[in-house]
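Per the numbering used here: the first sequence = residues 2 to 156.
Note that the Cβ used here is the ideal one computed from N, Cα and C, for glycine as well.
Every value quoted in this text rests on a predicted model; they were computed, and no experiment measured them.
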Amino acid sequence: MAYWLFKTEPDAFSIDDLKNAQEQSTFWEGVRNYQARNFLRDDVKLGDQIFIYHSSCKVPAIVGIAEVTEEAHPDPHQFDPSSDYFDEKSKPDSPKWFGVTVQFREKLRPISLKQIKADPRIIDLPLKKAGRLSIMPVTEEEFLLLKHYHNSEQL
DNA sequence: GCCAACGTTGGC
DNA sequence: GCCAACGTTGGC
2 MAYWLFKTEP DAFSIDDLKN AQEQSTFWEG VRNYQARNFL RDDVKLGDQI FIYHSSCKVP
62 AIVGIAEVTE EAHPDPHQFD PSSDYFDEKS KPDSPKWFGV TVQFREKLRP ISLKQIKADP
122 RIIDLPLKKA GRLSIMPVTE EEFLLLKHYH NSEQL
């Protein structure tokens, strides 16, 4: 099993939106960055655990956990001319953009970017180095450390 | 709202 | 295939 961090802007789609959609899974759509796309298409697998991260907001932070319930499938918006995600160069027989389906698991007490940056134990997380990557891998060690952050005596 | 960092585009 | 110009992301 692998671990990931997915960014989202809470004004557009927040952890609560994900929670409220719990009955139906949520298709993680609109990723239009090649590195992020490659992770989604090739490496994100059923059962993988995902940190949901709120970006471009008052307190950028990890706010919860979701799980992959369906592996990569083409993002239908790329074929829809009326969509912001439309890509005229993408063809249905060779789609360029993919998404995965995820389901809400739990909310966490927010772990702010500030805390993450200040923690010397977090080394590998791409978020630490000014990253604009919207889908990124998290090591098992760092995922578990962050997941249990607020239980830790080490703070 | 500013701006730094980085990704993408397109001319050559 | 280089690289300058431009666009976007995202923290502050």
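Here's the rule: buried if 16 or more other CB atoms are within 10 angstroms of the residue's CB, otherwise exposed. What is residue i?
i           : result
residue 8   : buried
residue 143 : buried
residue 13  : exposed
residue 35  : exposed
residue 151 : exposed
residue 149 : exposed
Closer than 8 angstroms by C-beta to residue i: which residues in its own chain qualify, once you throw out the five before and the five after it? Chain order, please.
i           : result
residue 49  : 2, 3, 4, 5, 68, 69
residue 90  : 97
residue 79  : 86, 87, 88, 91, 96, 97, 98
residue 32  : 38, 41, 76, 98, 99, 100, 135, 136
residue 47  : 69, 70, 71, 72
residue 65  : 16, 19, 20, 52, 53, 105, 106, 107, 108, 109
residue 132 : none
Tell me, to the nearest whole angstrom, how far the beta carbon of residue i is from that of residue j; I am working on the premise that it is less than 8 angstroms.
i          : j           : result
residue 10 : residue 86  : At roughly 15 angstroms, the Cβ-Cβ gap does not stay under 8 angstroms, so residue 10 and residue 86 are not in contact.
residue 16 : residue 53  : 5 angstroms
residue 20 : residue 129 : With a Cβ gap of about 27 angstroms, residue 20 and residue 129 do not count as contacting.
Taking the Cβ atom as the reference point for each residue, do residue i and residue j lie within a distance shorter than 8 angstroms?
i           : j           : result
residue 101 : residue 72  : yes
residue 25  : residue 105 : no
Going by beta carbon distance, what residues of the same chain come within less than 6 angstroms of residue i, once the five residues before and after it are set aside?
i           : result
residue 140 : 125
residue 60  : 113
For residue i, collect the residues of the same chain with a Cβ closer than 7 angstroms to its Cβ; drop the 5 residues on either side in sequence, then sort them by chain order.
i           : result
residue 122 : 146
residue 93  : 80
Of all the options the options, which has the alpha carbon lying nearest to the alpha carbon of residue i?
i           : options       : result
residue 138 : 28, 27, 43    : 43
residue 120 : 133, 132, 153 : 153
residue 115 : 27, 45, 63    : 63
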